[in-house]
Each structure stands twice: as C-alpha cells, then as structure tokens.
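Notes follow once the structure below has been shown.
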Amino acid sequence: MSEAVDFDALEVAAEAEVVVVGGGPGGLCAAVAAAEEGADTLLIERYGFLGGMATAGLINPFMTWHAGGKPIIRGLFERILDRLDGYGGWGGPRQGSAFDAELLKLVADDLCQEAGVRLRLHTMLAGVDAAGGRIERIAALSKSGLQAVRGEVFVDGTGDGDLAAWAGAEVEMGREEDGLCQPMTLCFRMMNVDCDRIPPRADINEMYDAARERGDIDNPRENVLLFFTTHEREVHFNTTRIVRHDATDAESMTDAELVARRQLRQMVRFLREQVPGFEDAWLAEIAPQIGVRESRRVMGDYVLTTEDVLEARKFEDGIARGSYAVDIHNPAGTGTVIKRLPPGEAYDIPYRCLTPRGIGNLLIAGRCISSDHGAHSSLRVMPIVMAIGEAAGCAAAMAPPAADVRAVEAGALRERLVGRGASIYGLAD
Ligand SMILES: Cc1cc2nc3c(=O)[nH]c(=O)nc-3n(C[C@H](O)[C@H](O)[C@H](O)COP(=O)(O)OP(=O)(O)OC[C@H]3O[C@@H](n4cnc5c(N)ncnc54)[C@H](O)[C@@H]3O)c2cc1C
89 MSEAVDFDAL EVAAEAEVVV VGGGPGGLCA AVAAAEEGAD TLLIERYGFL GGMATAGLIN
149 PFMTWHAGGK PIIRGLFERI LDRLDGYGGW GGPRQGSAFD AELLKLVADD LCQEAGVRLR
209 LHTMLAGVDA AGGRIERIAA LSKSGLQAVR GEVFVDGTGD GDLAAWAGAE VEMGREEDGL
269 CQPMTLCFRM MNVDCDRIPP RADINEMYDA ARERGDIDNP RENVLLFFTT HEREVHFNTT
329 RIVRHDATDA ESMTDAELVA RRQLRQMVRF LREQVPGFED AWLAEIAPQI GVRESRRVMG
389 DYVLTTEDVL EARKFEDGIA RGSYAVDIHN PAGTGTVIKR LPPGEAYDIP YRCLTPRGIG
449 NLLIAGRCIS SDHGAHSSLR VMPIVMAIGE AAGCAAAMAP PAADVRAVEA GALRERLVGR
509 GASIYGLAD
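For the sequence shown, this note's numbering gives the first residue as 89, with consecutive numbering after it.
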C-alpha cells in the first residue's frame with residue numbers, strides 16, 4: 089500500500105502534534121481528549137460527518153455501560169449523552185438507551201470545535217510512510233488530490249486498523265480456526281409503524297421462520313432483531329446478516345452491500361405484508377454503509393483474552409472498563425453465542441492493548457485494539473470504544489515529543505483520566 093506512494097512528491101497539506109485517522113466513536117473521543125489535553129490535533133475522516141458506525145452505520149442503541157447498577161463508563165461518553173439529551177436526542181419512549189444519530193453528528197461537531205480539533209472531512213487515508221518503528225507521515229486522498237500529513241503521534245481510529253496495518257503493525261483477523269470475522273449487518277429503519285400493534289418477538293420470529301422455509305427470505309440470521317428509536321412510529325432493524333465477507337477488501341465490501349440490500353428488500357416486504365403494525369410503514373432509511381462488526385485486530389504489548397473478559401480481570405494499567413457480554417454472531421451462518429460476565433462485574437482494558445508492538449508513535453483508539461476474537465466481541469460496543477478513545481487521546485497528548493507512547497506512565501494516565509471524569513477501577517469506580 090505505502091510502497092505505491094511517492095511521499096517526497098507530495099505537498100504537505102497539514103502538520104499536527106496528534107493526527108487521528110477515523111472519526112468514529114473511538115477516533116472522535118481520542119481527538120477531543122487530545123485537543124482538550126492541550127495537543128494541536130488534526131482529525132481525518134473519510135465521510136462528511138463524524139460518528140462512524142453510530143452515524144454512517146446507523147448502529148443503535150448504546151449497549152450497556154453499567155455494572156452492579158453503577159456506570160462504569162463516564163468521562164466523554166457521559167458528556168456526549170448529556171449533550172444529546174440537551175438536543176432532545178437521547179432516550180426513546182420504548183428504548184431508554186436509543187440516541188438520535190443525526191443529532192450525534194451535531195454533538196460530534198460541537199465537541200471537536202469547542203476542543204479546538206482541526207477537522208479534515210471527506211479525506212481518506214491512502215498510505216503510510218513508516219521507518220525505524222515510527223510513522224513519519226501519511227498520505228491522504230481527497231478532492232484536493234493526494235497530499236501528505238505530518239504528525240508526532242498518530243492515532244488509528246479507523247476501526248479496521250488501516251493506519252496500523254499499513255504502517256507494518258502485526259494484525260490478526262477473525263476467529264482462530266478459520267480467520268472468519270463476525271458477520272456484517274446493513275441496518276435500516278421503518279417509519280409510520282403502529283408500534284402498539286407489533287406482536288411479541290416470539291410471534292414475529294415464528295412468521296420469519298415460516299418465510300425462510302418458504303424461501304421468501306434468504307437471510308441466515310436466526311431471528312428478527314429490532315429496536316425502537318428516539319422517535320414515535322419508527323422501528324430500527326439490525327437484522328440482515330452477511331457472512332464470509334472481508335471489510336478490508338473493496339470487492340468483498342461491494343458484494344456485501346449488494347447481498348445486504350437484497351436481504352433488506354425481502355425483510356421490508358415480509359414486514360409490510362405479514363407483520364401487524366407494519367401495513368402502512370415505509371422504508372425510511374438505509375444506513376449509508378454496511379455495519380462492520382469485526383476486521384483487523386492490531387497486536388499490542390498485551391492481548392486481551394476472552395478469559396480476561398469473562399473473569400472480569402483487573403490490570404494495574406487499566407484505562408477503560410467494560411461489562412458487555414462476549415457476543416459472537418456466527419461468522420459462518422446461523423446462531424449467536426452470548427457469554428455473560430459474573431453479575432455486577434466489569435473487566436479492565438490495559439493501556440498495553442492500545443500500543444501496537446514495534447511502532448513507537450502509534451496508538452489505537454477503537455474496536456481494533458489488541459485482543460482475541462472473543463474479547464473483541466465484547467469491547468467493540470460504542471460506550472467501551474469511546475472510553476478507549478478518550479484514553480488513547482489523553483495518552484497521545486501526554487507522550488513527550490519524539491518519544492515512544494510507552495513512555496506515558498500508566499499510573500499518570502489513569503490519574504489524568506479520573507481528572508477528566510472517567511471511571512477507572514481502583515481510583516474512581
Ligand atoms: C451491525 C452492528 C451492530 C452493532 N450493535 C451495537 C449496539 O447495538 N450497541 C453498541 O454500543 N455497539 C454496537 N455495535 C458496535 C459498534 O458500533 C462499533 O464496534 C463501534 O462503532 C466501533 O467504533 P470505532 O470508532 O472503533 O470504529 P467505527 O465506528 O467503524 O469508526 C471508524 C471511523 O473511521 C473512518 N475511517 C475508516 N477507514 C478510514 C480511512 N482509511 N480513512 C479515513 N477514515 C476512515 C470511518 O469512516 C469511521 O468514521 C454494532 C456494530 C455493528 C457493525
């Protein structure tokens with residue numbers, strides 16, 4: 089990838105102390121935290137708006153951020169909830185943890201602008217110039233052409249680990265036995281639904297099974313997954329399932345979108361023709377992009393394991409916490425495996441999961457931190473990813489100039505995060 093770019097021929101479009109690539113839940117929180125901690129910060133995002141899967145993937149609602157009845161993720165995540173609430177975009181009449189994705193785009197803009205994050209939207213990472221264990225500059229492709237961006241510390245918020253992989257970091261993909269990743273899902277919304285008349289989920293699933301048996305629907309998912317939203321008469325579907333596709337391959341992604349839209353047409357027809365409450369409903373929105381649950385995982389100084397999650401392990405360098413279950417949608421077809429933590433428990437995410445082996449000035453902010461397939465299936469949910477992002481941004485700002493991000497002392501980082509309002513095990517939990 090990077091070999092194809094003649095970096096010396098590129099105009100330098102921007103320089104910053106901290107360069108974050110990808111403005112999803114992880115990258116957004118990293119950029120805001122880095123800027124708030126005093127670093128000159130640039131955030132590069134391929135779309136014209138921020139939010140990643142939360143907006144472009146139409147993913148909703150926020151999965152749990154509590155353990156034992158107490159919030160274990162606070163800090164920036166809590167500030168985002170407050171801001172959403174102020175805009176009337178937080179919590180629905182039937183789904184308390186639903187948020188309004190359009191208003192989240194505005195909240196993300198606000199937070200970046202207030203913190204002084206320099207934004208570069210409509211810009212895609214196109215190459216990485218790394219040598220001697222450091223990233224010197226990256227190539228960014230936009231309507232302005234191919235340009236270079238220089239930075240001191242880089243943060244990978246792409247979700248897919250593009251920056252890390254192209255810098256030569258060690259990556260893994262999918263489950264151990266065959267490398268298959270969790271399925272993708274194209275989310276959609278139906279409007280003008282008579283929600284009071286929607287049958288119980290078991291009845292919808294019976295109708296769905298019958299439609300699958302008749303061959304009306306060729307979705308391998310075992311049931312219909314629906315959520316309510318912040319709006320009356322609107323229902324959100326997270327129910328298409330595209331297996332055996334690769335989110336880091338353009339051809340595979342193209343096919344995934346097309347297969348997903350075929351499933352979506354079948355689902356919409358099924359809902360309108362067979363499910364009470366949907367007779368007069370219409371397809372209001374298809375997510376701008378298919379939802380990617382899993383792709384690369386960037387191997388770091390510690391690899392968080394499924395056992396760490398399920399045994400709710402704590403670490404001296406814990407910088408974020410999670411309590412969401414190990415939740416693996418079958419990468420090959422039907423079925424979903426859910427394994428929960430002991431009641432009331434939460435696990436720590438060590439700082440070492442954010443520091444890729446062999447690259448001194450790179451941090452990971454998002455679902456692709458160093459973990460195994462099972463741990464990834466838990467830590468990938470948006471509140472946890474936001475906490476990881478806040479920690480990555482804070483660490484990026486704390487890293488001494490020209491030093492390795494490992495020079496950031498974990499204890500000092502934990503204290504700093506507590507100062508920012510985060511919930512950190514052993515300090516402010
Ligand atoms: C179908 C599905 C259902 C889910 N359900 C839930 C749920 O109910 N609740 C929950 O809390 N979580 C859920 N999740 C998980 C959650 O949405 C994601 O794991 C989370 O958004 C990951 O955040 P991230 O910042 O790591 O990556 P992303 O959200 O993927 O953001 C990455 C950002 O980087 C940008 N980007 C990527 N590559 C480049 C590049 N090369 N150059 C420039 N920009 C780039 C993207 O445009 C995007 O803005 C679900 C995920 C999926 C796919």
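The beta-carbon is built from N, C-alpha and C at its ideal position, and this holds for glycine as well.
Below-8 Å beta-carbon distance, residue i vs any chain C residue
| i | result |
| --- | --- |
| Ala127 | Note that chain C does not occur in the displayed structure, where there is just one protein chain. |
Inter-residue Cα distance where the pair is residue i and residue j
| i | j | result |
| --- | --- | --- |
| Ile374 | Arg277 | 7 Å |
| Gly303 | Glu367 | 21 Å |
| Glu322 | Leu359 | 13 Å |
| Ala400 | Gly163 | 21 Å |
| Cys269 | Ile147 | 18 Å |
| Asp586 | Gly180 | Because the chain spans 89 through 517 in this model, residue 586 falls outside it and cannot be assessed. |
| Gly446 | Thr273 | 34 Å |
| Leu515 | Val93 | 46 Å |
| Thr336 | Asp248 | 7 Å |
| Lys427 | Asp389 | 26 Å |
| Arg384 | Gly157 | 33 Å |
| Val391 | Ser465 | 14 Å |
| Val107 | Ala484 | 9 Å |
| Ala255 | Gly507 | 33 Å |
| Ala102 | Val312 | 46 Å |
| Gly215 | Gly481 | 22 Å |
| Arg182 | Cys283 | 9 Å |
| Asp96 | Tyr135 | 27 Å |
Spatially closest choice to residue i from the options, by CA coordinates
| i | options | result |
| --- | --- | --- |
| Glu260 | Val93, Asp396, Asp334 and Ala92 | Asp334 |
| Ser230 | Ala516, Glu103, Arg384 and Leu209 | Leu209 |
| Gly454 | Pro471, Asp306 and Asp198 | Pro471 |
| Ile476 | Tyr175, Gln362, Val100 and Leu442 | Leu442 |
| Glu99 | Gly204, Arg225 and Ser383 | Arg225 |
| Asn307 | Phe316, Arg329 and Asp297 | Arg329 |
| Glu310 | Gly204, Tyr296 and Thr394 | Tyr296 |
| Ile305 | Gln201, Phe315 and Asn293 | Asn293 |
| Pro149 | His319, Leu352, Glu202 and Val241 | His319 |
| Pro159 | Ala142, Gly432, Asp188 and His417 | Gly432 |
| Gly410 | Val425, Val281, Ala510 and Gly233 | Ala510 |
| Ile161 | Ala290, Tyr175, Ser340 and Cys117 | Cys117 |
| Ala369 | Asp343, His324, Gly176 and Glu190 | His324 |
Proximity of residue i and residue j at Cβ, strictly below 8 Å
| i | j | result |
| --- | --- | --- |
| Gly139 | Ala186 | no |
| Arg502 | Met486 | no |
| Leu227 | Ala236 | Residue identity check: residue 227 is Ala in the sequence provided, not Leu. Contact: yes. |
| Val120 | Leu251 | no |
| Ala299 | Gln377 | no |
| Gly448 | Asp492 | yes |
| Pro438 | Val386 | no |
| Arg468 | Arg381 | yes |
| Leu429 | Ala408 | no |
| Trp153 | Phe165 | yes |
| Ser463 | Thr393 | Per the sequence shown, residue 463 should be read as Ala rather than Ser. The answer is yes: Cβ separation under 8 Å. |
| Tyr513 | Asp436 | yes |
| Gly245 | Ala123 | no |
| Glu133 | Gly239 | no |
| Gly184 | Cys275 | no |
| His461 | Arg263 | yes |
| Ala495 | Pro488 | yes |
| Leu371 | Val347 | no |
| Leu192 | Leu172 | yes |
| Phe316 | Asn326 | no |
| Gly114 | Met341 | no |
| Val331 | Ala434 | no |
| Gly112 | Met141 | yes |
| Ala498 | Asp405 | yes |
Any non-hydrogen atom of ligand 1 closer than 7 Å to residue i Cβ
| i | result |
| --- | --- |
| Asp250 | yes |
| Ala142 | yes |
| Leu213 | yes |
| Gly379 | yes |
| Gly267 | no |
| Phe150 | yes |
| Pro113 | yes |
| Gly145 | yes |
| Val469 | yes |
| Cys275 | yes |
| Glu133 | yes |
| Asn311 | no |
| Val493 | no |
| Val243 | no |
| Asn293 | no |
| Asn307 | no |
| Gly262 | no |
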